[in-house]
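Data block below; observations after.
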Amino acid sequence: TTRPTSPRTSPPARGGRNAARCQEILRDPLLAAEEMWREHLVVSTEDNSNRRTVDLDGVIRSNLANACVPRMDETSCERNICYNVYFRFRKNTCVRVSRSSPICGSGNQKPRQQLNENTGYIDASPIYGSSVHDSEKFRQGKTGFLKLPAFNGMQMLPFDQSKCKSRKSCTVIFTAGDSRVNLFVGLSAWHTIFTKEHNRLVSILRSLNPHWDGERLYHEARKIVGAEVQAIVYREWLPKILGAAFSSVVGDYRGYDPTIDATIANEFTSAAFRFGHGMIQEFYQRLDPNFGNSSFGALPFQKGTLHSDVLVNEGGPDPLLRGMFSQSVKRPQRVTTTVTENMFGSTDLSSINIQVKFNRISS
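With UniProt numbering applied, the sequence shown corresponds to residues 1 to 363, in that order.
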């Protein structure tokens, strides 16, 4: 027999597929960033690092007898105050995970419960906060605008600019409606574009309604941004996540039903809604305005974690967002070694997810 001189091809009717593409879906890394942002939109749970429990009326209490205090020593872990995650292949074998603060009165004769510090509604709370006190931090006086100070010729989320004198000496901690804004620069970028959208709407509303004061401008723009977030969730995001099941699971909107309980279930936030961690990429492309490769190069996920200075010193959120729009993302199948081996020192995100499930569901 003679050896073929050209690669084999599938018959035209079958249409062969690229093997690498079979591992990908027509989505982009922004989908994973959105998942994390959506989780922060409706869920925020206080850990017990400050010896705190939360009363059923939402009041934070201190030094209560039933407060599970993660004192981070062997004795504490033996009392089940914090969790141990063991790694036999490491010299430093114990990663301790703080338990979430319990609601007073829970966890003794009945299941331990935690308080959600965010509203359970899709209301853009990561931008505005979940309390009046928080919202005042981000407002630009009584103008209706949100704070977007200029830095390096770009509008950025508020931060202490005195701590960023140069690229080698720069600490950036953004202030936003959700404290997790600095976890990853993709989240920071998402916060930034919605903050800019709020200010864009305020400018339009002010020109159309010059008699409105800043308070009304703020709240009217906030309502529109909240509606935009809801539209993105139900028209764009959920259909891609649920696929064909969307029509049966969610279906068409039939009007507001005040009898529906909007409480976020522990099972949902502690287990199901963490699937975005399996979509984290090792590297994120950054593209110039013509969608060519940016001079800053691809961004390793590890470099963009807890390093918001990357945004202010390397072109802002736009190059990252362009790359996230353009890059294909793999199907959720595993948690990348970036977050199991290298993230936050010795912390293993995958193990933490498992322990969070045990903490909030099994108790």
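The C-beta atom is built at its ideal place from N, Cα and C for all residues, glycine as well.
Taken atom to atom, the span from the alpha-carbon of V250 to that of I122 is near 15 Å. In the three-state reduction of the DSSP assignment, A150 falls in the strand class, which pools E and B. Close CB contacts of Q155 within its chain, under the 6 Å cut and outside five residues either way in sequence, are with L148 (chain order). At a Cβ-Cβ threshold of 8 Å, N293 and L287 count as neighbours.
I260 and P289 have their alpha carbons spaced roughly 45 Å apart. Rounded to the nearest whole angstrom, the CA to CA distance from E228 to T336 is 32 Å. Two segments are said to touch when three or more pairs of C-beta atoms, one from each, lie closer than 8 Å; by this definition the segment 296 to 313 touches the segment 276 to 284.
A Cβ-Cβ separation of about 7 Å places P317 in contact with S188 under the 8 Å criterion. Around A124, the same chain offers V225, G226 and V229 as residues with beta carbons nearer than 6 Å, after the five sequence neighbours per side are excluded.
Ranked by Cα distance from T263, the options P319, E136 and N116 are led by N116. Taking the Cα positions, F325 is about 10 Å away from F291. Taking E220 as reference, the option from N152, Y128 and K165 with the minimal CA-CA separation is Y128. CA-CA distance, Y256 to S247, rounds to 18 Å.
The C-beta separation of L217 from H191 comes to about 20 Å, leaving the pair out of contact by the 8 Å criterion. Annotation for A227: the continuous alpha helix (DSSP H) segment containing it runs G214 to A231.
By alpha-carbon distance to S328, the top candidate from I280, V185, N353 and R235 is I280.
Look at F301 here: in three-state DSSP terms it is coil, with no helix or strand label.
Sequence-distant Cβ neighbours of R167 in its own chain, meaning closer than 7 Å and more than five residues away, are N313. Burial check for P126: the Cβ neighbour count within 10 Å reaches 16 or more, so the residue is buried. With contacts defined by Cβ atoms closer than 8 Å, L146 and N209 do not form a contacting pair. N293 is bridged by DSSP to L287. In its chain, beyond the 5 residues on either side, F159, C164, S308, D309 and V312 have a beta carbon closer than 7 Å to the beta carbon of V172. Residue burial is scored here from C-beta neighbours: H211 has fewer than 16 other C-beta atoms within 10 angstroms and is therefore classed as exposed. In the structure shown, S100 adopts extended strand secondary structure according to DSSP, grouped into three states. DSSP, read as helix, strand or coil, puts Q155 in strand. The three-state reading of DSSP puts Q114 in strand, counting E and B together. Separation of K110 and N266 (C-alpha to C-alpha, rounded to the nearest whole angstrom) is 15 Å. Around the beta carbon of A176, 16 or more other beta carbons sit within 10 angstroms, so the residue counts as buried. Around the CB of I352, 16 or more other CB atoms lie within 10 Å, so the residue is classed as buried. Taking all protein chains in view, the Cβ of P258 is surrounded by fewer than 16 other Cβ atoms within 10 Å, so the residue is classified as exposed. Between G304 and V185, the CB-CB gap stays under 8 Å.
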